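**Q** Take the position in the sequence shown, starting the count at 1, then add 1; the result is the number in our numbering. All residues carry an ideal CB built from backbone N, CA and C; glycine is no exception. Given the structure is predicted, the values throughout are model-derived calculations rather than measurements.
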Amino acid sequence: PGLSRAEKVIRFVETLPCTAGLLAGTTLKLRPWQKRFVKAVYRTDKAGNRAVRTAVLSVGRKNGKTQLAAALCLCALSGPEAEPRGECYSVACTRDQAKRVFDEMVAVITRIPWLNKRINIVRFRRELEDMDNGSTFRVLSADVAPVLGLSPSFICYDELGQAPNRALYD
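Quick look at the structure:
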């Protein structure tokens, strides 16, 4: 109570563990630029609705994009941004690239008892299901035919600049 929507997202993200690298085993600590990004994306208007519906983050390699994307996907799947029966997706030009966010999410989920108990991990389909709220997460790629009938509540598109039809997203 008393926190803004963006502050709730930041607080949630900073409870998640680092799963790889020199900081593995510690808790995520967002950098100032990451906090500014989250605050900009999750700011609300006077009615409490998100003012931003689409955001693009472009930074160089090894700056924690995949980890941040996985944390924000978890926030939409089971955290403060979760919707009942929400649909969350990780998309990239190839399924292997899109799977990187899934792999990071699984690494986080398996290290947090309440998430591990709550989320069903279907590795061979690269899907997650929150058993409490009915939300799902799936990996999609641009190298397969378009999928119709989706009603996404959150999409993370990795390496959008490499997408073959990126003019559709500009």
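Taking R32 as the reference, which of K66, N121, N117 has the closest Cα?
**A** Translated into positions along the sequence shown, residue 32 becomes position 31. Of the listed residues, the one whose Cα sits closest to R32 is K66.
**Q** May I ask which residues mark the beginning and end of the beta strand (DSSP E) holding A93?
**A** As a first step, residue 93 must be located in the sequence shown, where it is residue number 92. From DSSP, the beta strand (DSSP E) with A93 extends over 88 to 93.
**Q** Tell me which same chain residues have a C-beta within less than 6 Å of the C-beta of A108, skipping the five on either side of it?
**A** Counted from its first residue, the sequence shown places residue 108 at position 107. Result list for A108: T20, in chain order.
**Q** Roughly how many angstroms lie between the CA atoms of K40 and A7, to the nearest whole one?
**A** Locating residue 40 in the sequence shown gives position 39, counting from the first residue. Locating residue 7 in the sequence shown gives position 6, counting from the first residue. So the two alpha carbons sit approximately 5 Å from each other.
**Q** Are there three or more Cβ pairs, one per stretch, closer than 8 Å when the segment 91 to 108 is compared with the segment 125 to 144?
**A** Yes: at least three Cβ pairs fall under 8 Å.
**Q** Under the assumption that S142 contacts V92 (Cβ atoms under 8 Å), give the Cβ distance between them as a whole number of angstroms.
**A** By one-based count along the sequence shown, residue 142 stands at place 141. By one-based count along the sequence shown, residue 92 stands at place 91. The pair is a contact, with the Cβ atoms about 7 Å apart (cut-off 8 Å).
**Q** Answer with buried or exposed for S136, where buried requires no fewer than 16 other C-beta atoms within 10 angstroms of its C-beta.
**A** Taking the first residue of the sequence shown as position 1, residue 136 is located at position 135. Buried: at least 16 other Cβ atoms inside 10 Å.
**Q** Could you check what DSSP says for C19 in three-state terms: helix, strand or coil?
**A** Position 18 of the sequence shown, counted from the first residue, corresponds to residue 19. The answer is coil: DSSP assigns C19 none of H, G, I, E or B.
**Q** Can you tell me whether T67 is helix, strand or coil according to DSSP?
**A** The sequence position of residue 67 within the sequence shown is 66, counting from 1. Three-state DSSP puts T67 in a helix.
**Q** Expressed to the nearest angstrom, what Euclidean distance is found between the alpha-carbon atoms of D159 and K47?
**A** Residue mapping note: residue 159 aligns to position 158 of the sequence shown, counting from 1. Residue mapping note: residue 47 aligns to position 46 of the sequence shown, counting from 1. Using only the alpha carbons, I get a separation of about 31 Å.
**Q** How many Å lie between G87 and G80 at the Cα?
**A** Within the sequence shown, the letter at position 86 stands for residue 87. Within the sequence shown, the letter at position 79 stands for residue 80. Distance between the alpha carbons of G87 and G80 is about 12 Å.
**Q** Can you tell me where the alpha helix (DSSP H) holding F125 begins and where it ends?
**A** By 1-based counting over the sequence shown, the position of residue 125 is 124. Counting along the chain, F125 falls outside any alpha helix (DSSP H), and DSSP gives it neither H nor E.
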